[in-house]
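Below is one structure, written out as structure tokens, with a few remarks after it.
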Amino acid sequence: MGLPLNNIVKFIEIPDEVDSRWQGRVRVNLDTVGLCAYLESDTACLQDVCEWLFSELELSFATIVVEENASSLQLTYIFYGEPGAGQVNVLVNLPLSQTIVPSISHHVHAADWQEREAEDLFGLVFEGHPRLGDFVLHEEWPEGVNPMRKSFNAAMPYPNREPDPDWRPMALVESQGAFMMPVGPVYSDYAESAHFLLETVGEDVIRTILRFFYKYRGIEKISEGKTVDDVLLIAERFSGTCAFAHSLAFCQAVEEICGVEAPERAKALRALLAELERFRHHVTAIAGICASTGLAVAASQAQISEEKLLRLTCRFTGHRYLFGANTIGGLSFDLTDEECGKISTAAWDITDKLKELKEMLMFTSSFLDRLEQVGMVSADNAVSYGLVGPVARASGLSRDLREIWPYAGYGNGLRFHVPREQEGDGYARLRVLFAEAEQSVNLISQVASSLSSGPVNVDIDLKPGYALGRVEAPLGAAFHWVRLGENGEVLRYRVMTPSFVNWHGFHLAAENFAFQDFPIIMATFGLCIAESDR
Amino acid sequence: MTKWVVKGLKTGIKTTGYPGIHETAEGVSPGRPGVSGIEGTEDFKSIAESCPADALTSTKDGISLEQRRCIDCFRCSRLAQNRITRDDGYEWADFTAAGKPLGPAFTRSVHIRIVDAGACAACLSEIKLMASPYYNVHRLGLFITPTPRMADVLMVAGPLTEHMRLSLEKTFEAMPTPKVVIAVGTCALSGGVFGPSFAAQGGIGKTMPVDVEIPGCPPPPLAIIHGLLLASGKFRKQKDGGAL
């Protein structure tokens, strides 16, 4: 797959462009092999630089990484673009005593939640941000205690905290008949813990306010100082339904730091297992959408496929959710070519069932009525919020990390296309899920029929350094920033997940629709709260 | 709509015969490390000591497994080049020292309230699948209820994050007695990879009395059903003439 030339030209022109705009106030280092540009900026230029990258170069915003060193705080703003457009890291160094940084979220709205998160966890103040305050850490957490700071001891249970039982949310809509409907954190049958405040006057939801992080486990903090093998366990288990994608992102980051590549066979099998996980994940999401509209038979049909896929996964890999599959340097087990063929055959059988289900759903008007023109997200909003994954692709965006940085086996001649829809409604999201599921099975059989022989893992000598692990998880782009110390211990582990990004944009879809559409919109987003709360 | 009815009927019955029979379909359970019969040789000792979750300990004549700590990382099996095999099965649930089942009044129907106390979603996914066609717990008189006021069983997954503590306590208090608490999954039993730490408690046992523990990471649906049957008093051991 050749990279588009005009994107590469744009990437190579970054230094000249930066010089003409900021005359030496922003220094540029270009890594043309890794296609990464490092822009060192001062706080005064930060907003302009980020706006230029986001609005003019049309790069996507990935994450802010805050790192505390002995003498300074280093902020890395990471952007990425189409295939060939490379990655841009904007670096800002602050002395430890300085906690004020200009907010970029006026221009890069996608950074909104990430700045709020960094404010809570690091005690940074993002000047100009309209809504800083309790976000990750709830009201009962005292101000000035910032758990991601090095001085904070993560091993100790935090002692002086008692939740306030009389806590009440703040209503923003003032009008006759206005009321606020609280949903959660304990609600519905199997739902994950989260709290939604729905403000309404009558039938329509006017404002949707998300109060999240009930499931905050502080994985970024508790990973610090641990060995890479221990952190791998955490990477795998913080979001169990996307375990393989996240453990893969972490492994790839560590492998990049150490300058080692997994063997070809491991790379191919990683693509196979990642697609198997994506397939199962999308089938689960489809089952959720059917269940949310009350179509019990359809939900059951999808659940039958889901359970079949879990059993299939367990039969060949040992675990129903692919725990323990990835290791640093490859995979912890090998699959024979015959086994891969069996997985592929079984996956095709399930696809046939899925196609049948899709056919029936497309001609069930009561079902379509609940999805069409419901929970709309416009393409402009999707870009501005930096949405990722199937949700973004249903609104006309098509960035997919498997195409941008072909990792694992994706670069080795595997053919796939990234499905895209324009409407941005629930029905478009459902169609994207079906189309992606089919692509996944297609990829599984491509890998199964083109496996090279060889080992599935290599030994690794740990080195100090940092790298960004990039994986297209079932729900969208996942970024794992890893920095290792002299003895191979993890100094900083930063995880940015697709659910975090997409929940930020969830209110776009939920607002101005009726109450009874709310669970359906949630199902069509299909997001995971464990993945966003971390 | 008739096409859906026909579709449903054509699909036929998929449901497992458990607990009447032992389910043997491949892939229903990941199993657990099979340590019985392992000799206490030096290499096995070192494997036990390298267990990242401290689930394995080496004893005088072999290795012992504390499954409530096991996080299914498979490292022991793979380190031992599969000389530590996986024990099939799923009937892992057990009462805690103080745990008691619900009384004889609950032999027909039991209502369950599920609370996510910071679970990774895999446990919740397995709990959700309990009600899917393959397992269909309704046939056993087990029902999921949205309100704690109607619940007999409180089922908790996750290491209990600080932010969920109050919500979980309130849910527990809102339930009428008699009630039982089931902890699902390694996180809820021992904290798993998350705790104890500043953000998570390391299991729910420190906050409320747990009656039944279901180990596994995550426990497969059949293990959860086994735990529910134990807690509701519906499950009788084989010596009483078969299950149920």
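Order-wise, the sequence lines are chains A and B.
Just add 17 to wherever you are in the first sequence, counting from 1, and you've got the numbering used here.
Just add 114 to wherever you are in the second sequence, counting from 1, and you've got the numbering used here.
Glycine included, each C-beta is placed from N, C-alpha and C at the ideal position.
Bear in mind that the values here come from a model prediction, so they are computed numbers and not experimental data.
What is the DSSP secondary structure of G443/A, reduced to helix, strand or coil?
helix
Please identify the residue among V45/A, E99/A and R38/A whose C-alpha is closest to the C-alpha of N24/A.
E99/A
Give me the Cα-Cα distance between G154/B and R197/B, rounded to the nearest whole angstrom.
13 Å
Return no unless some Cβ of chain B is closer than 8 Å to the Cβ of E220/A.
no
If we count Cβ pairs, one from each stretch, closer than 8 Å, do we get three or more for the segment 260-267 of chain A versus the segment 276-283 of chain A?
no
Once DSSP output is grouped into helix, strand and coil, what is the label at G305/A?
helix
Would you report the Cα separation of I185/B and C307/A, rounded to the nearest angstrom?
32 Å
Rounded to a whole number of angstroms, what is the C-alpha to C-alpha distance between G426/A and F542/A?
28 Å
Tell me where the beta strand (DSSP E) around R410/A begins and ends.
Not the beta strand (DSSP E): R410/A falls in the alpha helix (DSSP H), residues G406 to R410.
Beta-carbon proximity list for Q195/B, same chain, < 6 Å, skipping 5 on both sides
none
Counting pairs of beta carbons, one from the segment 525-544 of chain A and one from the segment 429-448 of chain A, are three or more of them closer than 8 Å?
yes
Grab me the residues of P262/B's own chain with a C-beta within less than 6 Å of its C-beta, minus the 5 sequence neighbours each way, in chain order.
R227, T285, A288 and M289
Let me see if you follow: with CB-CB separation under 8 Å, is C53/A close to chain B or not?
no
Secondary structure of T310/A, DSSP reduced to three states:
coil
Distance cutoff 8 Å, beta carbons only. Does G346/A sit that close to anything in chain B?
no
Is DSSP giving G299/B helix, strand or coil here?
helix
Could you work out which residues of chain A lie near K117/B, taking near to mean beta carbons separated by less than 7 Å?
M377
Tell me the residue span of the beta strand (DSSP E) that contains A268/B.
Reading off the sequence shown, one finds Leu at residue 268/B, where the question assumed Ala. Taken as a continuous stretch (DSSP letters only), the beta strand (DSSP E) holding L268/B covers V267 to A271.
Proximity below 8 Å, CB of V512/A to CB of V245/A
no
I want to see whether chain A comes within less than 8 Å of K124/B, judged by CB atoms only; does it?
no
Within the 8 Å Cβ cut-off, does C187/B reach chain A?
yes
Which residues bound the beta strand (DSSP E) around S89/A?
S89 to Y97
Decide if R328/A is buried, meaning its Cβ has at least 16 other Cβ atoms within 10 Å, or exposed.
buried
Would you please verify whether the beta carbon of P333/B is less than 8 Å from any beta carbon of chain A?
no
Please list the terminal residues of the continuous beta strand (DSSP E) segment that includes F312/B.
Here F312/B belongs to no beta strand (DSSP E), and DSSP marks it neither H nor E.
Quick one: does I241/B have its CB under 8 Å from some CB of chain A?
yes
Taking 8 Å as the CB-CB limit, is E156/A close to chain B?
no
Status (buried if at least 16 other CB within 10 Å, exposed otherwise) for L113/A:
exposed
CB contact check: H336/A to chain B, cutoff 8 Å
yes
Mapping DSSP to helix, strand and coil, what is A357/B?
Model confidence at A357/B stands at a pLDDT of 49, short of 50, so the residue's coordinates are unreliable; what they give is reported in the following sentence. Coil, per DSSP.
Would a C-beta distance cut-off of 8 Å place E327/B and D175/B closer than the cut-off?
no
T514/A to N86/A, Cα distance in whole Å?
24 Å
Given a cut-off of 8 Å on the beta-carbon distance, is the pair A494/A and L418/A in contact?
yes
Less than 8 Å between the beta carbons of R146/B and L179/B, yes or no?
yes
Output yes if chain B places a C-beta closer than 8 Å to the C-beta of T541/A; else output no.
no
Which bits of chain A does G131/B rub up against, with CB to CB less than 7 Å?
Within chain A, no residue comes near G131/B; the closest Cβ sits about 15 Å away, beyond 7 Å.
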